[in-house]
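The structure under discussion appears below in the form of structure tokens.
2 protein chains.
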Amino acid sequence: MVTLADVARHAGVAAGTVSHVLSGKRSTSAATRERIQHGIEQLGYRPHAGARALASSRTDVLALMMPLRTGIHAPVLMEIATAVTTTARAHGYDVLLLTGEEGPEAIRRVDGSALADAFIVTDVGLDDPRLPSLKAAERPSVLIGRPADTSGLSCVDLDFEAAGARCVDHLAALGHRQIAVLGEPPAVCARGTGSAERTLRGLRTAAAAHGAGLLHRPTAAGHAAVAAMLTRVFEERPATTALVVRNEAAVEPLLTVLRRDGRAVPEDVSLFAVCAGQSAAQASAPLTSIGVPAQEMGRRAVERLVAQLGGQEPPGTVLLAPEVDDRGSTGPAPTAAPAR
Amino acid sequence: MVTLADVARHAGVAAGTVSHVLSGKRSTSAATRERIQHGIEQLGYRPHAGARALASSRTDVLALMMPLRTGIHAPVLMEIATAVTTTARAHGYDVLLLTGEEGPEAIRRVDGSALADAFIVTDVGLDDPRLPSLKAAERPSVLIGRPADTSGLSCVDLDFEAAGARCVDHLAALGHRQIAVLGEPPAVCARGTGSAERTLRGLRTAAAAHGAGLLHRPTAAGHAAVAAMLTRVFEERPATTALVVRNEAAVEPLLTVLRRDGRAVPEDVSLFAVCAGQSAAQASAPLTSIGVPAQEMGRRAVERLVAQLGGQEPPGTVLLAPEVDDRGSTGPAPTAAPAR
DNA sequence: ATGAAAGCGCTAACAG
DNA sequence: CTGTTAGCGCTTTCAT
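Residue numbers (this note's numbering), protein chains in the order written: chain A, 1 to 340; chain P, 1 to 340.
What follows is the structure in structure tokens.
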């Protein structure tokens, strides 16, 4: 193995000088710098991560904790993971992957043994069991998502409340007076996921403001569950003219059921998705939607963490503004009752 | 920070003794062992990963490289990542996540700087550019997937050739004489992915053996592409009575199109999926399928790596046997031409 | 069964 | 601008 000492000898300088050329932490004459650079390339030198971590108490590693839970849409997670890793590399960091299995203990372990410099945590519950570990940790963290109490924490999240509101605004402007929401899977709602609760709040507030009716029903994945739920919704509220889908796994089944029932989109019923943009865009009929900016959330989380590690930027919450992609699945509310 | 020296002092022993109690590499009297264990808990001692790596030249970290490329089904990747991480933890390892962006250089970097003890690489192409780096690395690796030349490499993969063969066997036994395959997305085929090529070989060989006709068409994701492809297939081979789907993103669109065209499954046309089991199971009509055992591949890859790091088990290829899940989407070939 | 001591490869503080 | 000198916290011989 080629060590820094080898490089130093090769260049006829002291080890410290090589170290400083590498880190750029002090000025070096162009001559020696070039001799050192040359030696590094010629010998194929790579700094030893462990030695560096020991001496500097920095690992240049970020820990990314992403539980794979039921009801979570895998493509969004992958997008976050990719964005985090890419952005981290751009800042000189590697990424340690933690899944949910270990829970809060994983954070204590990684923090205690100095395996990483900071944490990024996804799928945060309103009262997430990992929060105490994160607060107690010696290292900073950024949550992707938002718990009920964000004091002392850094968060990056889509403004789901605003998303819900914009969705209803959009539909109300088209004359819809009775809106039904196929919500996140029951498992997700039961878990106390902030995004579900906040979206609903936004929907309700806006509906009230417009004087529109709003029916919310958590909906499981799969064709059968969606079909049953849709039947029930139209029984409970026959005047429904707009549906909001808050669940990637319900999009395609929903379209199938509507087709079967002979309800035309958007003539008989308007559809608005609040979910992963790709699911809305690639459906058999593209849906107007507000997407989850997974990539931007991952990127921003890393950038904030890097800033915090650099001593800039205090903790705090960053909310991303929702954006509506109109794909034509919403239209004016039908004046008569929809075709049966 | 609590160090090993603190624990030693607390227990009134030498540092080396504490180290040996931790690793169990030599026998210790029950008395001192207990005193030390007690001290560890009381002080909340955690070994410093960097220091350990430096002294032992082992990191207890596995590097997992998974590119997120177009046409790859995210849920399968997530399943692999979760299985790898869970299994790794069960063996005392953590996981460093590498995406594809950096390519072969990432392997050189991680290997050279001793960031990990071994590599797991997914989505391996027949002539993957990362292979030279892996072979040159000082650390062992296991591929999930199989390149054209496996000499000197360790691989874990589904036996896709057998999968193709079993699929055709299944259909031929039901009397189908003309089979069409909606293949992996063009991007995946063009990349030279082993699974695509090997599945096709298995399909063709078995078709020839049964004297059945086989039409293979790479198929892009999305409703429109699938609809167009299906029309074309039935024009080219009007006698087609069975369809094989080798593409998760084509499953649901395919079902929609068949419904629209009034082709009943399995009365008019039999459907057999060779793709992620979940996509086949949760479709609006569940499909008989051979699934990709993502979880087992991840688990086996880690287990093999751990064995190799322990000096047991030489490199080599492990092929997992395909398993057919019959969900009723295949049936006897219709005697007349299918309904139009 | 235990202790002592020599590094592992690097950083950083201090001289010069 | 550069060399020297301590460690960072742990593992691992070699003695005892």
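Ideal Cβ positions, reconstructed from N, Cα and C, are used throughout, including at glycine.
It should be emphasised that the depicted structure is a prediction, and the values quoted were computed from it without experimental measurement.
- prompt: Ends of the alpha helix (DSSP H) at residue 17 of chain A?
  reply: 15-23
message: Distance check for residue 60 of chain A and residue 29 of chain P, CA to CA, integer angstroms please.
response: 40 angstroms
query: Going along chain A, which residues have a C-beta under 8 angstroms from residue 284 of chain P?
result: 223, 252, 253 and 256
field: Cβ contact check for the stretch 169-184 of chain A and the stretch 138-153 of chain A: 3 or more pairs under 8 angstroms
entry: no
query: Which residues of chain P have a Cβ atom closer than 7 angstroms to the Cβ of residue 51 of chain A, listed in chain order?
result: 54
message: Am I right that residue 245 of chain P and residue 288 of chain P are in contact with their C-beta atoms under 8 angstroms? What's the rounded C-beta distance?
response: About 11 angstroms; that fails the 8 angstroms criterion.
- prompt: According to DSSP, what are the bridge partners of residue 118 of chain P?
  reply: P/62
Reduced DSSP secondary structure (H/G/I, E/B, other) of residue 155 of chain P: strand
Buried or exposed by the 16-neighbour rule on C-beta atoms within 10 Å, applied to residue 152 of chain A: With fewer than 16 Cβ atoms within 10 Å of its Cβ, residue 152 of chain A is classed as exposed.
Neighbourhood of residue 126 of chain P by C-beta, 6 angstroms cutoff - its chain only, sequence neighbours within 5 removed: 147, 148, 192 and 194
Spatial distance of residue 45 of chain P from residue 32 of chain P (CA atoms): Spanning the two alpha carbons is a distance of roughly 17 angstroms.
message: On the DSSP letters alone, give me the boundaries of the beta strand (DSSP E) that residue 181 of chain A sits inside.
response: Counting along the chain, the unbroken beta strand (DSSP E) around residue 181 of chain A starts and ends at 178-183.
- prompt: If you count every other CB in all the chains shown that lies within 10 Å of the CB of residue 82 of chain P, and 16 or more means buried, which is it?
  reply: buried
message: Give the list of continuous beta strand (DSSP E) stretches no shorter than 3 residues that lie fully inside the stretch 76-108 of chain A.
response: Here the runs fully enclosed are 94-98.
query: Between residue 82 of chain P and chain A, is there a C-beta pair that is closer than 8 angstroms?
result: yes
message: Counting only Cβ-Cβ distances shorter than 9 angstroms, please list the residues of the stretch 73-98 of chain A near chain P, keeping chain order.
response: Listed by position along the chain: 73, 74, 75, 76, 77, 78, 79, 81, 82, 84, 85, 86, 89, 94, 95, 96, 97 and 98.
query: Out of curiosity, what's the CA-to-CA distance linking residue 250 of chain P and residue 280 of chain A?
result: Their backbone Cα atoms lie some 16 angstroms apart in a straight line.
field: Pairwise C-alpha distance: residue 155 of chain P and residue 50 of chain P
entry: Our two residues, residue 50 of chain P and residue 155 of chain P, have alpha carbons roughly 30 angstroms apart in a direct line.
field: Contact with chain A by residue 264 of chain P, beta-carbon distance below 8 angstroms
entry: no
- prompt: Going by alpha carbons, who is nearest to residue 224 of chain A out of P/223, P/297, P/282 and P/270?
  reply: Per the Cα distances, P/282.
- request: List the residues that DSSP assigns as beta-bridge partners of residue 288 of chain A.
  value: A/272
- prompt: Are residue 78 of chain A and residue 78 of chain P closer than 8 angstroms when you measure CB to CB?
  reply: yes
- prompt: Near residue 7 of chain A, what residues of its chain come up, given a Cβ to Cβ distance below 7 angstroms and the 5 sequence neighbours on each side ignored?
  reply: 18, 36, 39, 40, 43 and 45
message: Considering just the uninterrupted stretch of the alpha helix (DSSP H) at residue 350 of chain A, what are its terminal residues?
response: The structure shown does not extend to residue 350 of chain A, since chain A spans only 1 to 340, so no value can be given for it.
Option nearest residue 230 of chain A by Cα separation, candidates A/210, A/256, A/207 and A/208: A/256
- request: Could you pull out every unbroken alpha helix (DSSP H) segment of at least 4 residues lying fully inside the stretch 200-247 of chain P, listed in chain order?
  value: 223-236
query: Is there contact between the stretch 262-273 of chain P and the stretch 232-244 of chain P, where contact requires at least three CB pairs shorter than 8 angstroms?
result: Yes, the stretch 262-273 of chain P is in contact with the stretch 232-244 of chain P.
field: Which listed residue (A/57, A/290, A/122 and A/91) has its alpha carbon closest to that of residue 1 of chain P
entry: A/57
- prompt: When you compare only the Cα positions, how much space is there between residue 3 of chain A and residue 136 of chain P?
  reply: 19 angstroms
query: If you drop the 5 nearest sequence neighbours on each side, which residues of the same chain put their C-beta closer than 6 angstroms to that of residue 160 of chain A?
result: 195, 198 and 199
message: Can you check whether the C-beta of residue 46 of chain A is within less than 8 angstroms of a C-beta belonging to chain P?
response: yes
query: How is the beta strand (DSSP E) around residue 174 of chain P delimited, first residue to last?
result: Where residue 174 of chain P is concerned, there is no enclosing beta strand (DSSP E), given that its DSSP letter is neither H nor E.
- prompt: Would you say residue 114 of chain P faces chain A, with C-beta separation under 8 angstroms as the test?
  reply: yes
- request: Report, in whole angstroms, the separation of the C-beta atoms of residue 182 of chain A and residue 217 of chain A, which I expect to be a contact under 8 angstroms.
  value: Confirmed, Cβ separation roughly 6 angstroms.
- request: Look at the Cβ atom of residue 96 of chain A, then the Cβ atom of residue 309 of chain P, and state whether they are nearer than 8 angstroms.
  value: no
query: To which residues of the same chain is residue 341 of chain P closer than 6 angstroms at the C-beta, ignoring the five residues directly before and after it?
result: An answer regarding residue 341 of chain P cannot be provided, because it is not within the stretch 1 to 340 covered by chain P.
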